[in-house]
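>
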Amino acid sequence: MRSRLRYTALLLATLATGCGYNGLVEKDQGTAQAWAEVENQLQRRTDLVPNLVETVKGYAGHESKIFAEIAQARSAMLASGNGPTPARMAAANQFEQTIGKLISISEAYPTLKADANFARLMDELAGTENRLAVARKRYNDAVGDYNIAVRSFPTVMTARMFGFAPNKDYFKAPEAAKTPPQVHFNSSTGQ
49 MRSRLRYTAL
59 LLATLATGCG
69 YNGLVEKDQG
79 TAQAWAEVEN
89 QLQRRTDLVP
99 NLVETVKGYA
109 GHESKIFAEI
119 AQARSAMLAS
129 GNGPTPARMA
139 AANQFEQTIG
149 KLISISEAYP
159 TLKADANFAR
169 LMDELAGTEN
179 RLAVARKRYN
189 DAVGDYNIAV
199 RSFPTVMTAR
209 MFGFAPNKDY
219 FKAPEAAKTP
229 PQVHFNSSTG
239 Q
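Residue numbers 49 to 239, in the working numbering, belong to the letters of the sequence shown in order.
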């Protein structure tokens, strides 16, 4: 009886101070919307890379190990599903690292860097990476707003009552992102 009375008093206090349900819904949808933009930019990058790889192959076809890594990372990215899951974020980060290796190849091939198609694709990739960085920041900002709301009183009680997740994951860069990609060229090319 006492716990029921306590629960009722807590519920009335929550309602009197504003339960925050609509605010939680808004913040939850904000994270979903921000993640959709991250997905949009990840897909743009995933679609762009095969064209870039084909252009580079024309100049550096013997770098097959890097092309295999890119194909594998792209497949993992496409297979990782949708939504802000740790697996999806890890696949996106791995794909980004392999793209860095592809870009590093261009430094060894001046004629590749001078190719108009390659330059156009690199511009598109740079623009995509910038948009992706902005989308990731907006997603992390939305996650921060949501996480604060679901842990603040009195909305924490509303969040628990209505089953809002207690915490959403941020999109974090992997540890490997702190070091530049290492690329080793095939010695038979004279590079």
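Each residue gets a CB set at the ideal place from its N, CA and C atoms; glycine is no exception.
Since I believe V73 is in contact with R184 (beta carbons under 8 Å), could you give me their beta-carbon distance rounded to a whole number of angstroms?
Looking up residue 184 in the sequence shown gives position 136. Looking up residue 73 in the sequence shown gives position 25. Going by Cβ atoms, the distance from R184 to V73 rounds to 23 Å, so no, they are not a contact pair.
> Only counting the same chain, and skipping five residues up and downstream in sequence, which positions put a Cβ closer than 8 Å to that of G129?
Here residue 129 refers to the residue found at position 81 when the sequence shown is read from its first residue. Excluding residues within five positions, the ones whose Cβ falls inside 8 Å are A135 and R136.
> Quick check on this structure: which residue in A82, T146 and A138 has the alpha carbon closest to the alpha carbon of E111?
The residue you call residue 111 lines up with position 63 of the sequence shown. Among A82, T146 and A138, the Cα nearest to that of E111 is on T146.
> Could you check the C-alpha separation between L100 and A162 for me, to the nearest Å?
Translated into positions along the sequence shown, residue 100 becomes position 52. Translated into positions along the sequence shown, residue 162 becomes position 114. Answer to the nearest angstrom: the Cα atoms are 14 Å apart.
> Assign A108 to buried or exposed, taking buried as 16 or more other Cβ atoms, counted over all protein chains shown, within 10 Å of its Cβ.
For the purposes of this step, residue 108 is taken as residue 60 along the sequence shown, with counting starting at 1. A108 should be labelled buried.
> How long is the line joining the alpha carbons of Y194 and P214, rounded to whole angstroms?
Position 146 of the sequence shown, counting from 1, holds the residue named residue 194. Position 166 of the sequence shown, counting from 1, holds the residue named residue 214. Cα to Cα, the separation comes out at about 9 Å.
> If you compare alpha carbons, which of I196, F143, N188 and R199 is closest to L173?
Looking up residue 173 in the sequence shown gives position 125. Here the closest residue by C-alpha is F143.
> Between N88 and A190, what straight-line distance do the alpha-carbon atoms span, to the nearest angstrom?
In the sequence shown, the residue the question calls residue 88 occupies position 40. In the sequence shown, the residue the question calls residue 190 occupies position 142. So the two alpha carbons sit approximately 17 Å from each other.
> Go ahead and pull the three-state DSSP assignment for S235.
Along the sequence shown, one-based indexing puts residue 235 at 187. Any answer about S235 is weak, because its pLDDT of 41 lies below 50 and its placement is not dependable; what the coordinates show is given next. It is helical.
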